[in-house]
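Input: a single structure, listed below in structure tokens.
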Amino acid sequence: MSRELLPGATGVLALADGTVLQGIGVGAVGEAVGEVCFNTAMTGYQEILTDPSYMAQIVAFTFPHVGNVGTNVQDIEQMSGSAETAARGAIFRDVPTRPANWRADADLETWMARRGVVGLAGVDTRALTRRIREHGMPHAVIAHDPEGKFDLDALVAKAREWNGLVGLDLAKDASCLQPFVYEEGLWSWEEGYAKAPEQPKYDVVVMDFGVKRNILRALTSVGARVTVVPANTPAEDILKRNPDGVLLSNGPGDPAATGEYAVPEIRKLVDSGKPVFGICLGHQMLALALGAKTVKMDQGHHGANHPVKDLTTGKVEIVSMNHGFTVDRDSLPAPVVETHVSLFDGTNAGLALTDKPVFSVQHHPEASPGPTDSLYLFERFAGLMDGKR
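Structure follows, in structure tokens:
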């Protein structure tokens, strides 16, 4: 951790406190500013790097071997194809390995370069992870120059100048621009991605704050016709569609900032009596709409090995998480009840209303770390829609 440029270094990570990590640049040439978090997943790096919830963040992978399954055109979670609306950078212990997988279309480094994701390899990710655990997620600039020309003082200054995620509404940039119908189902080993049902049982509107494709696929898998609408869509326009239910999607940024325009509309949706299901950022903004508070976390939750307990059933699930803000459980008002809790640190991971068909979870039930531990939540949502009928 030196401010002196080392011979042969083609990649650097400059932290706002003046620390500089140096190694081998991979992926896109250039630089990107963001918040550094660590992810403990051992698989799914392409899904992680295309998750809109990682917008304005630089992901440090704790698993040392990355790249072995390559990349493909199917395992992309965001609706757009730009790194501007997903992770800005990636940090690896080792240089990504060459792919050895039948689904691979390109190696990880080539894919990152095409997308504009700046990478750094050859650094001690264990030390970086410990630093984040002890001191929180730092602001940083990640840079890659094949010729090794860096102005380290200037990069540190840029990291210090960045204001961070608190107060930042990123959902407006991650969201779609106009409504559309999603027509793809969940993936299976032999068939690939299924088609949406020709005769859907439900009509579901998804408020897009940076939605992941697999959330939409999970909805079609329970028989829904899925219409995705922009984040700033008025509740009146959603209710005119007469949906059987409304899903509040995941997304990046500060929920309080996005909530300035979204929370009043969410309140109207709740008051309408329609079933409402929130995921991640959608969970946080639902909590705000119900009168609770959200707070910034020191290190957040990022990984695919998080144990969460469903307090309504006693079941413990292994889930995927990705969030840097959390709902303050002590601020939950009646008739809101806590339904899920993280077994790592005891933070809130779900809530529900006792008098309306409304619930939400902090984790990602559409992800597959369990691999299907949490898919029942989409069935629960379908059950609420059946009940309203």
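With the UniProt record's numbering, letter number 117 in the sequence shown gets 117, and the count goes up by one each step, no holes.
Quick reminder that beta carbons are idealized off the backbone N, C-alpha and C, glycines included.
Mark T372 as exposed unless 16 or more other C-beta atoms lie within 10 angstroms of its C-beta, in which case mark it buried.
Within the sequence shown, the letter at position 372 stands for residue 372. Label assigned to T372: exposed.
Can you give me the Cβ contacts of G223 inside the same chain, cut-off strictly under 8 Å, excluding the 5 residues immediately before and after it?
Residue 223 sits at position 223 when you count from the first residue of the sequence shown. Hits under 8 Å: P197, P200, K201, Y202 and A382.
Quick check: what's the CA-CA separation for S320 versus D51?
By 1-based counting over the sequence shown, the position of residue 320 is 320. By 1-based counting over the sequence shown, the position of residue 51 is 51. Roughly 12 Å separates the two Cα atoms.
Rounded C-alpha distance that separates H323 from V276
As a position in the sequence shown, residue 323 is number 323, starting the count at 1. As a position in the sequence shown, residue 276 is number 276, starting the count at 1. Near 21 Å, if we compare the C-alpha coordinates of V276 and H323.
Are the segment 285 to 303 and the segment 13 to 20 touching, with three or more C-beta to C-beta distances below 8 Å?
no
Separation of I91 from T62, as counted between CA atoms:
Taking the first residue of the sequence shown as 1, we reach residue 62 at position 62. Taking the first residue of the sequence shown as 1, we reach residue 91 at position 91. Distance between the alpha carbons of T62 and I91: 9 Å.
What residue range is occupied by the uninterrupted alpha helix (DSSP H) comprising residue 402?
The structure shown has nothing for residue 402, since the chain only spans 1 to 389.
So D328 is in the beta strand (DSSP E); what residue range does that whole segment cover?
Position 328 of the sequence shown holds residue 328. Where D328 is concerned, there is no enclosing beta strand (DSSP E), given that its DSSP letter is neither H nor E.
DSSP three-state assignment for G136, whether helix, strand or coil:
As a first step, residue 136 must be located in the sequence shown, where it is residue number 136. It is coil, neither helix nor strand.
Determine the contact status of R93 and T125, defining contact as a CB-CB distance below 8 Å.
One-based indexing of the sequence shown puts residue 93 at position 93. One-based indexing of the sequence shown puts residue 125 at position 125. Yes, Cβ-Cβ distance for R93 and T125 is below 8 Å.
Could you pull the DSSP bridge partners for Y261 from this structure?
Taking the sequence shown and counting its residues from 1, one reaches residue 261 at position 261. According to DSSP, Y261 bridges with nothing at all.
Taking C-beta to C-beta, are V117 and G27 nearer than 8 Å?
Reading the sequence shown from its first residue, position 117 is the one you call residue 117. Reading the sequence shown from its first residue, position 27 is the one you call residue 27. Yes.
Would you say the segment 139 to 148 touches the segment 157 to 166, given that touching needs at least three Cβ pairs under 8 Å?
yes
Other residues of its chain near E184: CB distance less than 8 Å, five sequence neighbours each side excluded
By one-based count along the sequence shown, residue 184 stands at place 184. Closer than 8 Å at the Cβ level, and outside the excluded window around E184, lie Y193, A194, K195, A196, R213, L216, R217 and T220.
Counting only the same chain and skipping the five closest in sequence on each side, list residues whose C-beta sits under 7 Å from that of S374.
Locating residue 374 in the sequence shown gives position 374, where the first residue counts as 1. Contacts found: E317, V319, H363 and P365.
List the whole-angstrom C-beta distance separating G210 from A235, where the pair is believed to meet the contact cut-off of C-beta under 8 Å.
Mapped onto the sequence shown, residue 210 falls at position 210. Mapped onto the sequence shown, residue 235 falls at position 235. Between A235 and G210 the Cβ distance is about 19 Å, and since that is not below 8 Å, they are no contact.
Return the CA-CA distance between P264 and A292, expressed in angstroms with no decimal places.
If you number the sequence shown from 1, residue 264 lands on position 264. If you number the sequence shown from 1, residue 292 lands on position 292. Straight-line Cα distance between these residues: approximately 14 Å.
For L377, which of T312, T347, L332 and L108 has the nearest alpha-carbon?
As a working note, residue 377 is residue 377 in the sequence shown. Selected option, being the one with the closest Cα: T312.
Could you tell me which residues DSSP pairs with N39 in its beta bridges?
As a first step, residue 39 must be located in the sequence shown, where it is residue number 39. Its beta-bridge partners are F61.
Exposed unless 16 or more other CB atoms sit within 10 angstroms - verdict on E147
One-based indexing of the sequence shown puts residue 147 at position 147. Exposed, because fewer than 16 other Cβ atoms sit within 10 Å of the Cβ of E147.
Between A41, A32, E260 and P179, which has its C-alpha nearest K158's C-alpha?
Counting from 1 along the sequence shown, the entry for residue 158 is found at position 158. Here the closest residue by C-alpha is A32.
Per-residue DSSP class, three states only, for P335:
Start at 1 with the first residue of the sequence shown, and residue 335 comes out as number 335. In the structure shown, P335 sits in coil (DSSP, three-state: anything other than H, G, I, E or B).
Check whether residue 393 and N39 have beta carbons under 8 Å apart:
No information on residue 393 is available, as it lies outside the stretch 1 to 389 that the chain covers here.
How many angstroms separate the CA atom of Q46 from the CA atom of K274?
By one-based count along the sequence shown, residue 46 stands at place 46. By one-based count along the sequence shown, residue 274 stands at place 274. Roughly 35 Å between the two C-alpha positions.
Does W187 come out as helix, strand or coil in the three-state DSSP assignment?
In the sequence shown, counting from the first residue as 1, residue 187 sits at position 187. Correct three-state label for W187: strand.
When burial is assigned at 16 or more other CB atoms within 10 Å of the CB, is S2 buried or exposed?
Counting from one through the sequence shown, the residue named residue 2 turns up at place 2. Reliability of the predicted coordinates at S2 is poor, the pLDDT of 48 falling under 50, and the value obtained from them is presented with this limitation in mind. The residue is exposed, with fewer than 16 neighbouring Cβ atoms inside 10 Å.
Mind pulling the beta strand (DSSP E) runs of 3 or more residues that sit fully within the segment 134 to 176?
139 to 144
Can you tell which of L108, L5, F325 and E338 has the C-alpha that lies nearest to the C-alpha of L168?
Position 168 of the sequence shown holds residue 168. When each option's Cα is compared against that of L168, the closest is F325.
Pair within 8 Å by beta-carbon distance, S360 and G245
The residue you call residue 360 lines up with position 360 of the sequence shown. The residue you call residue 245 lines up with position 245 of the sequence shown. Against a cut-off of 8 Å, the Cβ pair of G245 and S360 comes out as no contact.
What three-state label does DSSP hand R380 in the structure shown?
The residue labelled residue 380 in the question sits at position 380 within the sequence shown. In the structure shown, R380 sits in a helix (DSSP, three-state: H, G or I).
Considering only residues of the same chain and omitting the five flanking positions on each side of N242, which have a CB-CB separation below 6 Å?
Within the sequence shown, the letter at position 242 stands for residue 242. Here the set comprises nothing.
Among G30, M55, V36 and V59, which one has its Cα closest to the Cα of G44?
For the purposes of this step, residue 44 is identified with residue 44 of the sequence shown, where counting begins at 1. Of G30, M55, V36 and V59, the residue nearest in Cα terms is V59.
Note the first and the last residue of the continuous beta strand (DSSP E) segment covering N348.
Within the sequence shown, the letter at position 348 stands for residue 348. Where N348 is concerned, the enclosing beta strand (DSSP E) stretches over N348 to L353.
Could you check what DSSP says for T311 in three-state terms: helix, strand or coil?
For the purposes of this step, residue 311 is taken as residue 311 along the sequence shown, with counting starting at 1. One detail in the question is off: residue 311 reads as Leu in this sequence, not Thr. It is coil, neither helix nor strand.
Burial state of F180 (16 or more Cβ within 10 Å):
Locating residue 180 in the sequence shown gives position 180, counting from the first residue. Result: exposed.
By a C-beta neighbour count over all protein chains shown, 10 Å radius and 16 as the cutoff for buried, is T129 buried or exposed?
One-based indexing of the sequence shown puts residue 129 at position 129. Buried.
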